[in-house]
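Enquirer:
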Amino acid sequence: MIKLTPFIKTLLIVCALSFLACGCATKIPSVGKKKYSRTKPKTWKSKRAKDNFVASGPVKYSLLPSSSSELAARRIDIRSQGMKSWKQLGPQIRRSIEYARRNPSGGLALKRNELRLTWGQLRKSLEDLERLLPRLDKNPELLGKYFVWYELQSGAEMTGYYTPVIEASLTKRGAYKYPVYRVPPDLRKARPGQTHPWSEQLRKAYRVENGKILPYHSRRDIDVKKVLSGRGLEVAWFKDPVDLFYMHVQGGGVLRLPDGRLRTAVFSGTNGLSFKGLGQIMLNKGILKRSQLSRAKIKNYLLSHPDKMWEIMASNKSYIFFKITRGEPLGATGKPLLSMVSLASDPQLIPLGSIVSFRTDIYPKEGQPSRRVNGIGLAQDTGKAIRGARLDYYIGTGNEFKYTAHHLKKKIPVSLLISRAALRR
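Residue numbers (this note's numbering): 787 to 1211.
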């Protein structure tokens, strides 16, 4: 056994103490590194910007992978559309089913290079969604499992509309002197299958005068020249001519009669001529600047310049005819619309009856912050100004929805939902 000298013993003790001191030294965390808990669940984040959707792709549908569609389905919040349960969508879905049934099952509802759908497939998709409703409150991802999602690469511009409540009378009296006309008997439409060397305009509406086929009367003819006056075509009368013009833009309205009763003005026909919005008209004429093109400022200018008002409005050649009913406002499907669900679309891109996923922000009231809507919508209406990649979101009936509707203009992501069972047909 080796004997240790006192010097060696002392040296060994010092080394041992130094070793222990080094092992117990405080560790300094590395700068710039993060600690991740292995128990923390992973969260999915959209690659799109949170606030502004920007898309530069073509107006074309592309198939979303199943994993992406299930994640997108989880984001849908039916409560953001004013409903407590998916089951509340049932009656509105049935209205779309009834519309789809009126079309031949094998007929094409959508005819595009990248996607073709029959009315039968559209109807089957609606029926499958109705059956799935009771399960979606607990398992919204089923909407991604049982449906194929076709994303519109370009996205779509979303605007809003509502059904205004307007002071009106069913008879001409006092301040009620601006007429609402029903469809004139001399307005004709080309029948399906008719072949004539007419323009598309004349296929929509025309008249025959002295044996000649002519475009139907323009807004200037009707409002300024009064060619329909005195023919017994008036079905209601307004106090405000600008309100009447905007009812033409909206395609309908709720009328409050002098005794408080309510009636509904329902779209029943058009003169087939081109539509042009008042804002664009006044901008082109140099009357207002782009920053002044709010509906309130437009209306104020027109009412304060009665000598120019009718000519300015007449620059929009389109004219709408109405019928007065006791029912709710109807969409292009002939069925009532549902607030925060119904959408107006271009049927060439999104057929009537389609199921649509979208995400947008709305402003409930002036001075309030925006509110996100991750929604599911039903294409149930159309509009002359709704063309291509654009959706018009139905906010509701009543003047309280005016602000929200007028302050919605946003580029949004949009997907068309078709059930997998329907695609196997």
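Quick reminder that beta carbons are idealized off the backbone N, C-alpha and C, glycines included.
Which residue comes first and which comes last in the alpha helix (DSSP H) that contains residue 994?
Expert: In the sequence shown, the residue the question calls residue 994 occupies position 208. Counting along the chain, residue 994 falls outside any alpha helix (DSSP H), though it belongs to the beta strand (DSSP E) covering 992-995.
Enquirer: Checking the sheet assignment: what are the DSSP bridge partners for residue 1051?
Expert: As a first step, residue 1051 is located in the sequence shown; it is residue number 265 there, counting from the start. Residue 1051 pairs with 1039 and 1110.
Enquirer: Is the distance from the Cβ of residue 1019 to the Cβ of residue 967 below 7 Å?
Expert: As a working note, residue 1019 is residue 233 in the sequence shown. As a working note, residue 967 is residue 181 in the sequence shown. It is a contact, given that the beta carbons lie within the stated cut-off.
Enquirer: From residue 845 to residue 1174, what distance separates their C-alpha atoms?
Expert: The sequence position of residue 845 within the sequence shown is 59, counting from 1. The sequence position of residue 1174 within the sequence shown is 388, counting from 1. CA-to-CA, the gap between residue 845 and residue 1174 works out to about 8 Å.
Enquirer: To the nearest angstrom, how far is it from the Cα of residue 1199 to the Cα of residue 854?
Expert: Locating residue 1199 in the sequence shown gives position 413, counting from the first residue. Locating residue 854 in the sequence shown gives position 68, counting from the first residue. Roughly 14 Å separates the two Cα atoms.
Enquirer: When we look at the beta-carbon of residue 1167 and count the other beta-carbons within 10 Å, is it buried (16 or more) or exposed?
Expert: As a first step, residue 1167 is located in the sequence shown; it is residue number 381 there, counting from the start. Classification for residue 1167: buried.
Enquirer: Looking at the secondary structure, which residues open and close the alpha helix (DSSP H) in which residue 1092 lies?
Expert: For the purposes of this step, residue 1092 is taken as residue 306 along the sequence shown, with counting starting at 1. Counting along the chain, the alpha helix (DSSP H) containing residue 1092 begins and ends at 1092-1100.
Enquirer: What is the DSSP secondary structure of residue 886, reduced to helix, strand or coil?
Expert: For the purposes of this step, residue 886 is taken as the residue at position 100 of the sequence shown. Residue 886 falls in the helix class under three-state DSSP.
Enquirer: Among the residues of its own chain, which have a CB less than 7 Å from the CB of residue 780, if the five just before and after it don't count?
Expert: The chain is shown from 787 up to 1211; residue 780 falls before or after that span and cannot be answered.
Enquirer: Have a look at the DSSP bridge pairing and note the partners of residue 1177.
Expert: In the sequence shown, counting from the first residue as 1, residue 1177 sits at position 391. Answer is 944.
Enquirer: Is the closest heavy atom of the ligand MN to the C-beta of residue 965 under 6 Å?
Expert: This structure simply doesn't include the ligand MN, nor any ligand for that matter.
Enquirer: What residues match up with residue 1214 in a beta bridge as DSSP calls it?
Expert: Because the chain is modelled from 787 through 1211, residue 1214 falls outside the range shown and cannot be assessed.
Enquirer: Report all residues from its chain with a CB closer than 6 Å to the CB of residue 1085; omit the five preceding and five following residues, and keep chain order.
Expert: On the sequence shown, position 299 is the one that residue 1085 refers to. 1028.
Enquirer: List the endpoints of the continuous beta strand (DSSP E) containing residue 953.
Expert: Along the sequence shown, read from residue 1 onward, the residue named residue 953 stands at position 167. Unbroken beta strand (DSSP E) run through residue 953: 951-955.
Enquirer: Starting from residue 936, trace the beta strand (DSSP E) both ways and give me its first and last residue.
Expert: Position 150 of the sequence shown, counted from the first residue, corresponds to residue 936. Unbroken beta strand (DSSP E) run through residue 936: 933-938.
Enquirer: Assign residue 1118 to one of two classes, buried (16 or more other C-beta atoms within 10 Å of its C-beta) or exposed (fewer than that).
Expert: To locate residue 1118, count along the sequence shown from 1; it is residue 332. Looking at its Cβ environment, which holds 16 or more other Cβ atoms inside 10 Å, residue 1118 is buried.
Enquirer: Taking Cβ to Cβ, would you say residue 1061 is nearer than 7 Å to residue 1195?
Expert: Numbered from 1 along the sequence shown, position 275 holds the residue referred to as residue 1061. Numbered from 1 along the sequence shown, position 409 holds the residue referred to as residue 1195. Against a cut-off of 7 Å, the Cβ pair of residue 1195 and residue 1061 comes out as no contact.
Enquirer: Just to confirm my understanding: we take residue 905, look at its own chain, exclude 5 residues before and 5 after, and list those with CB closer than 7 Å. What are they?
Expert: For the purposes of this step, residue 905 is taken as the residue at position 119 of the sequence shown. Closer than 7 Å at the Cβ level, and outside the excluded window around residue 905, lie 886, 889, 890, 891, 893 and 895.
Enquirer: Could you check what DSSP says for residue 1061 in three-state terms: helix, strand or coil?
Expert: Locating residue 1061 in the sequence shown gives position 275, counting from the first residue. Here residue 1061 sits in coil by DSSP.
Enquirer: With which residues is residue 1182 paired in a DSSP beta bridge?
Expert: Position 396 of the sequence shown, counted from the first residue, corresponds to residue 1182. For residue 1182, DSSP records a beta bridge to 948.
Enquirer: Exposed or buried, what is residue 778 when buried is set at 16 or more other beta-carbons lying within 10 Å of its beta-carbon?
Expert: Nothing about residue 778 can be read from this structure; the chain reaches only from 787 to 1211.
Enquirer: Go ahead and pull the three-state DSSP assignment for residue 913.
Expert: In the sequence shown, counting from the first residue as 1, residue 913 sits at position 127. Residue 913 falls in the helix class under three-state DSSP.
Enquirer: Grouping DSSP H, G and I as helix and E and B as strand, with all else coil, what is residue 1000?
Expert: The count along the sequence shown starts at 1 and reaches residue 1000 at position 214. Note: residue 1000 maps to strand in three-state DSSP.
Enquirer: Count the other CB atoms within 10 Å of the CB of residue 1092; is the residue buried (16 or more) or exposed (fewer)?
Expert: In the sequence shown, counting from the first residue as 1, residue 1092 sits at position 306. By the neighbour-count rule (16 or more Cβ atoms within 10 Å), residue 1092 is not buried but exposed.
Enquirer: If I'm right that residue 1115 touches residue 1123 with Cβ under 8 Å, what's the distance once you round it to whole angstroms?
Expert: The count along the sequence shown starts at 1 and reaches residue 1115 at position 329. The count along the sequence shown starts at 1 and reaches residue 1123 at position 337. Rounded, the Cβ-Cβ distance is 6 Å, consistent with contact.
Enquirer: Distance check for residue 997 and residue 1192, CA to CA, integer angstroms please.
Expert: Position 406 of the sequence shown, counting from 1, holds the residue named residue 1192. Position 211 of the sequence shown, counting from 1, holds the residue named residue 997. Between residue 1192 and residue 997, the C-alpha separation is close to 45 Å.
Enquirer: Express the C-alpha separation of residue 1022 and residue 959 in angstroms, rounding to a whole number.
Expert: In the sequence shown, residue 959 corresponds to position 173, counting from 1. In the sequence shown, residue 1022 corresponds to position 236, counting from 1. Distance between the alpha carbons of residue 959 and residue 1022 is about 11 Å.
Enquirer: Please report how far the alpha carbon of residue 1204 lies from the alpha carbon of residue 1150, in whole angstroms.
Expert: Numbered from 1 along the sequence shown, position 418 holds the residue referred to as residue 1204. Numbered from 1 along the sequence shown, position 364 holds the residue referred to as residue 1150. Roughly 31 Å separates the two Cα atoms.
Enquirer: In three-state DSSP terms, what is residue 1032?
Expert: Along the sequence shown, read from residue 1 onward, the residue named residue 1032 stands at position 246. In this structure, residue 1032 counts as helix in the three-state DSSP scheme.
Enquirer: Is it a yes or a no for the stretch 999-1018 touching the stretch 1122-1142, going by three-plus beta-carbon pairs under 8 Å?
Expert: For the pair of segments examined, the stretch 999-1018 was found not to touch the stretch 1122-1142: the number of CB pairs separated by less than 8 Å stays below three.
Enquirer: Rounded to the nearest angstrom, what separates residue 1206 and residue 921 at their Cα positions?
Expert: The residue given as residue 1206 occupies position 420 in the sequence shown. The residue given as residue 921 occupies position 135 in the sequence shown. Going from the Cα of residue 1206 to the Cα of residue 921 covers about 17 Å.
Enquirer: Would residue 1057 be called buried (16 or more neighbouring beta carbons within 10 Å of its own) or exposed?
Expert: On the sequence shown, position 271 is the one that residue 1057 refers to. When all chains shown are included, residue 1057 counts as buried.
Enquirer: Looking at the secondary structure, which residues open and close the alpha helix (DSSP H) in which residue 1188 lies?
Expert: Here the question's residue 1188 lines up with position 402 in the sequence shown. Counting along the chain, the alpha helix (DSSP H) containing residue 1188 begins and ends at 1188-1192.
Enquirer: Starting from residue 1020 and walking both ways along the alpha helix (DSSP H), at which residues does that stretch end?
Expert: Residue numbering aside, residue 1020 sits at position 234 when the sequence shown is read from its first letter. Unbroken run through residue 1020 is the beta strand (DSSP E), 1020-1024; no alpha helix (DSSP H).
Enquirer: Tell me, please, which residues DSSP counts as bridged to residue 1163.
Expert: Taking the sequence shown and counting its residues from 1, one reaches residue 1163 at position 377. Looking at the DSSP assignment, residue 1163 forms a beta bridge with 1142.
Enquirer: Would residue 1059 be called buried (16 or more neighbouring beta carbons within 10 Å of its own) or exposed?
Expert: Within the sequence shown, the letter at position 273 stands for residue 1059. Buried: at least 16 other Cβ atoms inside 10 Å.
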